[in-house]
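Residue numbering for the sequence shown follows UniProt numbering, beginning at 1 and increasing consecutively. Just so it is clear, CB atoms sit at the ideal spot from N, CA and C, and this is done for glycine as well. First up is the structure itself, then whatever we jot down about it.
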Amino acid sequence: MPSVSPYYSRLDDRRPSSRPVEQPTQRQAVSQPDIPLDQQCGCAHPALTTALAQMLGRDGVYIQPTVNARTVAQYAMTSSLATPPSTDTIQASRTFPPQDIRMVHTHASYSAQPIPELISNENGDWTLTLNVPIPQDKVHPTLTSFSYTIKYSTANDHWASVVQSNILLATTESEAIPEGISTRLNTNGNYRGGITVVPQTREGADTMCLSSVLAIKRNDLQGQWNHFVDCQQIILDVRIVQSSHLYLQFHVSEYPTSVMLRSLSVDVSATWLDDQEGRRLLHELHEYEIQANDAEAQASAEKRARKVAETQQAINELAEEEAKKRQRAAERQLAVDARARNEAVAQADKASLERQVAEARAEAEKRAREEVESRLHTGKEGQRIADASVQAKIKSTVNRLAEDRNCSAGYVWLQEARGFRCGAGGHIISWEELNAA
């Protein structure tokens, strides 16, 4: 938005209150260049001209003017003006929104007489902000036209005032600008007094000015209302992104008096076109996202199923391996048990066999001893029992010989031609062996 320079009025250019006031009425011409009329409403919207700048001056100081002039009663009927007549207040138009099924229309309005925030007449610089609704059910709606009508009427005021109408588009997710009347001016911390026009926006907001109309409103103290009308219809082609805000701001910088009266009425209508191509692309994108999400979900489910199957397979393989290990261990244990049983049986059989052999041997030796003893008692021919000394010598000889040469049964030794034989007949000691001792 182009910068707007502040305008001031010098003290030495102002008429003192003791001098007669010679101000032109509303119907008198102001010395300024020719200005083209608005073809829609027939009103002139002039910028600040050189003549008006000379009239207002440069070094302004805010002073409540004191002029002895006829004033309008406080919002009451007077002989000079019926308040409000048909031209004093602009009601909400019955044509808002226009009946056009191909377009979408939004509407905002403001009407106040008096303006509650300005009743004290202490603020000469103020701003009205209207938030124009943006369709929420459209895909990137396109602003095709913006129409507004502003009527600002004052009475009992003095000198000219500067007014400015701005159409603002805030395109970031910043804090919304408060609606309604605001008297806080952002002048970078330097308020210098006088007539100033400063756009009311929030710091940090990415704001675009779509349109700006600057004008001068003439005022007098001749006991009648002074009207300013700004009626515009602006053709636009602005594609709106999400988290945007559209505003109409009306700025006023004036010199209020203690008995000043104000009346303000604003009607706004915006026309929007739906972005069909954007809607189609968004629908395709939505369908693609759904398909992608479905494919991703299916892939994720398949991956989870594969992972579950692999985990189950690993568990089954581990269980099978453990079962095989247990089976092999059981088989080994069975084999060990079988060997132990077999060894036990073998040991038992061996012991039984040895016992049987021992028993058989003992039985045989018993029978042999009994037989020898029987023979000895019967006194068979050709056999003679060795005496005690010979028996002792034979025992000594047997101890020198191998163990198997000894008669463990304890039979007596019988003399023969070759030497001596035990009574059982199984052991023999020759004469040479006996004599060698």
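Taking DSSP as the reference, what is the three-state secondary structure of residue i?
i: T183; result: coil
i: S161; result: strand
i: residue 459; result: Residue 459 is absent from the structure shown; the chain starts at 1 and stops at 437.
i: P262; result: One point to set straight first is that residue 262 is Arg, not Pro, in the sequence displayed. Three-state result, R262: strand.
i: W225; result: coil
i: Q28; result: Bear in mind that the predicted position of Q28 carries a pLDDT of just 35, short of 50, making it unreliable; the figure below should be weighed with that in mind. Of the three classes helix, strand and coil, the one that applies to Q28 here is coil, per DSSP.
i: V21; result: The predicted position of V21 is uncertain, since its pLDDT is 35 and thus under 50; a value taken from the coordinates is nonetheless stated next. V21 falls in the coil class under three-state DSSP.
i: I63; result: Residue confidence for I63 is low, a pLDDT of 38 falling below 50, so the modelled location carries little weight; the figure read from the coordinates is stated next. I63 falls in the coil class under three-state DSSP.
i: V412; result: coil
i: A424; result: coil
i: S109; result: strand
i: K393; result: helix
i: H251; result: strand
i: A53; result: Note on A53: pLDDT 38, under 50, position unreliable in the model; no value is reported.
i: G419; result: strand
i: L353; result: helix
i: W431; result: helix
i: V104; result: strand
i: T311; result: helix
i: L273; result: strand
i: residue 452; result: Here the chain has residues from 1 to 437 only, and residue 452 is not among them.
i: V139; result: coil
i: D206; result: coil
i: A176; result: coil
i: I234; result: strand
i: L168; result: strand
i: S211; result: strand
i: A155; result: strand
i: S120; result: coil
i: I290; result: helix
i: D337; result: helix
i: D404; result: helix
Pop quiz: residue i and residue j are said to be a contact at Cβ under 8 Å. What is the actual Cβ separation, rounded to whole angstroms?
i: W126; j: S182; result: 7 Å
i: V163; j: H251; result: 7 Å
i: residue 457; j: K395; result: The requested residue 457 does not occur in the structure, where the chain is confined to residues 1 to 437.
i: S258; j: S153; result: The pair is not a contact, with the Cβ atoms about 18 Å apart (cut-off 8 Å).
i: D275; j: H140; result: 5 Å
i: R400; j: H427; result: That pair is no contact at about 14 Å.
i: L285; j: P114; result: Not quite, the Cβ-Cβ distance comes to about 52 Å (not below 8 Å), so this is no contact.
Are residue i and residue j close, meaning C-beta to C-beta below 9 Å?
i: L248; j: L168; result: yes
i: S109; j: S265; result: yes
i: residue 481; j: Q415; result: The structure shown does not extend to residue 481, since the chain is modelled only from 1 to 437, so the question has no answer here.
i: N131; j: L246; result: yes
i: W431; j: R421; result: no
i: R239; j: L143; result: yes
i: G180; j: E254; result: no
i: D220; j: H158; result: yes
i: T171; j: S120; result: no
i: P133; j: A270; result: yes
Give me the residue from the options with the minimum Cα distance to residue i.
i: Q242; options: E117, S430, K138, H105; result: K138
i: I234; options: K395, A330, T149, A344; result: T149
i: C231; options: V268, A314, P256; result: V268
i: D206; options: L214, A176, A358; result: A176
i: K217; options: T271, P178, L261, A160; result: A160
i: W272; options: A155, D404, N121, P135; result: P135
i: S145; options: N293, G425, M103, A409; result: M103
i: L128; options: Q113, P178, H140, H105; result: P178
i: S111; options: P133, H105, K151; result: K151
i: V412; options: Q347, E403, R405, A424; result: A424
i: N156; options: Q222, A329, A170, A344; result: Q222
i: R361; options: P256, Q224, Q327, A409; result: A409
i: L210; options: S147, N316, H227, E343; result: S147
Looking at chain C, is there any beta carbon in it that lies within less than 9 Å of the beta carbon of residue i?
i: T257; result: No chain C is present in this structure, which holds just one protein chain.
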